[in-house]
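Keeping their order, the protein sequence lines are chains A and B. Counted from 1, the first sequence has number 288 at position 288 by our numbering; the numbering is strictly sequential. Counted from 1, the second sequence has number 18 at position 18 by our numbering; the numbering is strictly sequential.
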Amino acid sequence: MSQRSVTHWLIHHAARHAPDSLAERLEEEWLADLERRTPGVSRLRFAIGCCWATQVIAFEHQPSKAAVGTTAVGHTLIASADQSFGFISLRSSTFFLVVSLHIVLISGFMTALSHTHKSAVPDPLQNRDLPHSRPDTVPPPLPTPNLNHVIIEVPNLETDLKYEPDPDHSVTPGPVDEQLPPTPPTPLTPHIAKQVAGGPGAGFPDTVDFYPPLSIHLGEQGVSTVRVCVDAKGRLTSDPTTLKGSGSARLDEGALKLARAGSGHYRAATEDGQSVGSCYPLGIRFQLKN
Amino acid sequence: MGKKDANVRMSLQTLRVLESFLENPTEQLSGADVHQRCGIASGTLYPILLRLESAGWFVSQWESIDPSSAGRPRRRLYRLTSTGLRRASEVFASFNRGVLA
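1) Label residue 78 (chain A) either buried or exposed according to how many other C-beta atoms from any shown protein chain fall within 10 Å of its C-beta, with 16 as the threshold for buried.
2) Do you know how far the Cα of residue 92 (chain A) is from the Cα of residue 11 (chain A)?
3) Measure the alpha-carbon distance for residue 3 (chain A) versus residue 50 (chain A) and round it to whole angstroms.
4) Which residues in the same chain have their Cβ closer than 6 Å to the Cβ of residue 237 (chain A), if we skip the five residues on either side of it in sequence?
5) In whole angstroms, what separates the C-alpha of residue 21 (chain A) from that of residue 113 (chain A)?
6) Taking 8 Å as the CB-CB cut-off, is residue 103 (chain B) touching chain A?
7) Can you list, in chain order, the residues of its chain with a C-beta nearer than 8 Å to that of residue 49 (chain B)? Leave out the 5 residues immediately preceding and following it.
8) Identify every run of the alpha helix (DSSP H) within the region 184-225 of chain A, keeping only runs that are complete inside it and at least 4 residues long; order them along the chain.
9) Beta carbon of residue 214 (chain A), beta carbon of residue 250 (chain A): below 8 Å?
10) Chain B partners of residue 36 (chain A), CB-CB under 7 Å?
11) Kindly indicate which residue of A:221, A:265, A:33 and A:45 has the alpha-carbon position closest to the one of residue 247 (chain A).
12) At the 8 Å Cβ level, is residue 40 (chain A) part of the contact set with chain B, yes or no?
13) Can you confirm whether residue 46 (chain A), when its beta carbon is compared against all beta carbons of chain B, has any partner nearer than 8 Å?
14) Helix, strand or coil for residue 281 (chain A)? Go by DSSP, reduced to three states.
15) Cα separation between residue 73 (chain B) and residue 31 (chain A)?
16) At 4 residues or longer, what runs of the alpha helix (DSSP H) sit wholly inside the region 16-58 of chain B?
17) Taking C-beta to C-beta, are residue 219 (chain A) and residue 288 (chain A) nearer than 8 Å?
18) Would a C-beta distance cut-off of 8 Å place residue 260 (chain A) and residue 201 (chain A) closer than the cut-off?
19) With a CB to CB cut of under 7 Å and the five nearest residues on each side skipped, what residues in its chain are close to residue 23 (chain A)?
20) Output the distance between the C-alpha atoms of residue 83 (chain A) and residue 9 (chain B), rounded to the nearest integer angstrom.
21) How far does the beta strand (DSSP E) with residue 55 (chain A) in it reach, from first residue to last?
22) List, in chain order, every chain B residue whose beta-carbon is nearer than 7 Å to that of residue 52 (chain A).
23) Mark residue 46 (chain B) as exposed unless 16 or more other C-beta atoms lie within 10 angstroms of its C-beta, in which case mark it buried.
24) Closest to residue 278 (chain A) by C-alpha separation, out of A:284, A:262 and A:269, would be which residue?
25) For residue 25 (chain B), which residues of its own chain have a beta-carbon under 8 Å away from its beta-carbon, when the five flanking residues on both sides are left out?
26) Who are the Cβ neighbours of residue 256 (chain A) in its own chain at under 7 Å, not counting the five residues just before and after it?
27) Are the CB atoms of residue 43 (chain B) and residue 9 (chain A) nearer to each other than 8 Å?
28) Could you tell me if the beta carbon of residue 268 (chain A) falls within a distance shorter than 7 Å of some heavy atom in the ligand COA?
29) Keeping to the same chain, check which residues put their C-beta closer than 7 Å to that of residue 65 (chain B); ignore five residues upstream and five downstream.
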């Protein structure tokens with residue numbers, strides 16, 4: 001219920017208790033004057049005052065009391081207390097009525113505000129004893145775990161790897177590393193291969209053709225040992241190197257030239273009768289004839 | 001309404017109401033206007049106005065407006081009668097003599 005409806009109800013209620021000749025007039029007059037009041041408590045006080053005014057007006061318009069309420073106009077103020085309702089005077093009853101209305105209104109406001117205050121401000125913290133929640137009976141011990149027979153299931157891993165050839169040949173096999181450790185020989189069936197070292201073969205150049213002319217003029221002689229590597233067909237696979245010099249650089253150089261010129265005329269080494277590539281030292285003697 | 005030129009029980013609030021009208025005796029005032037001038041509560045003011053009207057000191061009439069066009073209800077306006085002006089002047093004169101005596 002809004003305040004406007006409350007005030008209108010109070011004025012209507014007050015005017016209804018006024019004398020019949022004045023009821024309609026007073027209600028319209030008070031409603032008009034109510035609009036002049038500022039909204040809020042002022043209008044509520046105005047409406048409550050109208051209730052009080054009705055009581056006074058109704059009393060003064062009673063035929064038996066009307067004459068009592070008026071006194072002669074004197075030269076001093078007259079405070080009449082003749083109006084009364086039985087044992088209690090009208091002024092006192094009105095005072096108690098207004099006080100009661102104020103108490104009701106204030107208690108109503110306090111009740112409404114106390115609900116809001118209680119929800120906004122929490123209660124202060126208070127200590128209180130919690131009920132004894134620990135059980136008196138000791139719980140049964142936990143069962144001993146069985147650790148003797150632990151079965152661990154290993155999943156059956158099947159490695160089904162399939163080789164798929166590279167159709168694009170993007171990966172080419174690299175060269176065989178010569179440093180790879182040799183495969184150990186089979187101990188069960190020992191086999192001793194019959195090896196025959198290689199050396200100068202048919203068509204090998206003559207030493208005289210590579211004897212340096214200055215060495216011949218100076219009378220230099222000696223043996224120069226070179227290292228040659230040949231394949232199964234008697235051809236050099238690498239450039240010959242000097243293993244042991246003759247004491248003359250010119251003779252050693254002539255020996256290297258002779259070794260290079262003999263490529264393709266070497267006799268290949270054999271293993272079990274099969275020609276194989278090999279490296280071996282080759283001694284070349286330069287000797288002058290008398 | 002009521003008796004004319006009757007005696008009226010004078011109180012401090014009644015004198016303040018009369019004083020409001022004596023400022024401009026020809027002016028018509030509503031109950032709200034009197035409240036604004038003298039500050040008397042409605043519970044005391046309206047019995048005094050009716051009492052003075054019944055005694056013939058005041059006359060009242062409705063404000064001559066159209067409430068629908070004015071946008072507000074019409075007001076009840078009170079005005080001093082010639083009798084009321086004369087009696088009120090006597091009251092204040094006698095009161096002043098009594099106080100100053």
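Heads up, the beta-carbon is just placed ideally off N, CA and C, and yes, glycines get one too.
Per the coordinate set shown:
1) By 1-based counting over the first sequence, the position of residue 78 (chain A) is 78. For residue 78 (chain A), the pLDDT reaches just 42, beneath the cut-off of 50, and the residue's location in the model is therefore unreliable, leaving the point undetermined.
2) Sequence index remark: in the first sequence, residue 11 (chain A) carries index 11 (1-based). Sequence index remark: in the first sequence, residue 92 (chain A) carries index 92 (1-based). Those two C-alpha atoms are separated by around 22 Å.
3) Sequence index remark: in the first sequence, residue 3 (chain A) carries index 3 (1-based). Sequence index remark: in the first sequence, residue 50 (chain A) carries index 50 (1-based). One C-alpha to the other measures close to 16 Å.
4) Position 237 of the first sequence, counted from the start, is the residue given in the question as residue 237 (chain A). Only 229 and 231 meet the Cβ criterion.
5) Residue mapping note: residue 21 (chain A) aligns to position 21 of the first sequence, counting from 1. Residue mapping note: residue 113 (chain A) aligns to position 113 of the first sequence, counting from 1. Cα to Cα, the separation comes out at about 43 Å.
6) Because chain B in this structure spans residues 1 to 101, residue 103 (chain B) falls outside the shown range and cannot be described.
7) Locating residue 49 (chain B) in the second sequence gives position 49, counting from the first residue. Cβ within range, chain order: 17, 31, 34, 58, 60 and 78.
8) 213-218
9) What you label residue 214 (chain A) is simply residue 214 of the first sequence in a count that begins at 1. What you label residue 250 (chain A) is simply residue 250 of the first sequence in a count that begins at 1. Cβ distance < 8 Å, so residue 214 (chain A) and residue 250 (chain A) count as in contact.
10) Locating residue 36 (chain A) in the first sequence gives position 36, where the first residue counts as 1. Within 7 Å Cβ-Cβ: 32.
11) Against the first sequence, residue 247 (chain A) aligns to sequence position 247. With distances taken between Cα atoms, residue 247 (chain A) lies closest to A:221.
12) For the purposes of this step, residue 40 (chain A) is taken as the residue at position 40 of the first sequence. No, its Cβ sits nowhere closer than 8 Å to a Cβ of chain B.
13) Here the question's residue 46 (chain A) lines up with position 46 in the first sequence. Output row for residue 46 (chain A): interface = yes.
14) Working through the first sequence from its first residue, we reach residue 281 (chain A) at position 281. Three-state DSSP puts residue 281 (chain A) in a strand.
15) If you number the second sequence from 1, residue 73 (chain B) lands on position 73. If you number the first sequence from 1, residue 31 (chain A) lands on position 31. So the alpha carbons of these two residues sit roughly 8 Å apart.
16) 31-38 and 42-54
17) Taking the first residue of the first sequence as 1, we reach residue 219 (chain A) at position 219. Taking the first residue of the first sequence as 1, we reach residue 288 (chain A) at position 288. Yes, the Cβ-Cβ distance between residue 219 (chain A) and residue 288 (chain A) is below 8 Å.
18) Here residue 260 (chain A) corresponds to residue number 260 of the first sequence, with the count starting at 1. Here residue 201 (chain A) corresponds to residue number 201 of the first sequence, with the count starting at 1. Going by C-beta atoms, residue 260 (chain A) is not nearer than 8 Å to residue 201 (chain A).
19) Position 23 of the first sequence, counted from the start, is the residue given in the question as residue 23 (chain A). Excluding positions up to five away in sequence, the list reads 15 and 16.
20) Within the first sequence, numbered from 1, the residue matching residue 83 (chain A) stands at position 83. Within the second sequence, numbered from 1, the residue matching residue 9 (chain B) stands at position 9. Annotation note: pLDDT 47 at residue 83 (chain A) (below 50); position unreliable, coordinate value reported separately. About 12 Å.
21) To locate residue 55 (chain A), count along the first sequence from 1; it is residue 55. Where residue 55 (chain A) is concerned, there is no enclosing beta strand (DSSP E), although the alpha helix (DSSP H) it sits in stretches over 41-60.
22) Locating residue 52 (chain A) in the first sequence gives position 52, where the first residue counts as 1. Ordered by position in chain B, the residues that pass the 7 Å Cβ test against residue 52 (chain A) are 43.
23) Taking the first residue of the second sequence as 1, we reach residue 46 (chain B) at position 46. It is buried - the Cβ of residue 46 (chain B) has at least 16 other Cβ atoms within 10 Å.
24) If you number the first sequence from 1, residue 278 (chain A) lands on position 278. For the residues A:284, A:262 and A:269, the minimum Cα distance to residue 278 (chain A) belongs to A:269.
25) Working through the second sequence from its first residue, we reach residue 25 (chain B) at position 25. Only 80 and 85 meet the Cβ criterion.
26) The count along the first sequence starts at 1 and reaches residue 256 (chain A) at position 256. Only 226, 240 and 242 meet the Cβ criterion.
27) Counted from its first residue, the second sequence places residue 43 (chain B) at position 43. Counted from its first residue, the first sequence places residue 9 (chain A) at position 9. In this structure, residue 9 (chain A) does not lie closer than 8 Å to residue 43 (chain B) by Cβ.
28) As presented, the structure is devoid of all ligands, the ligand COA included, so that no description of it is given.
29) To locate residue 65 (chain B), count along the second sequence from 1; it is residue 65. Same-chain partners within the cutoff: 74.
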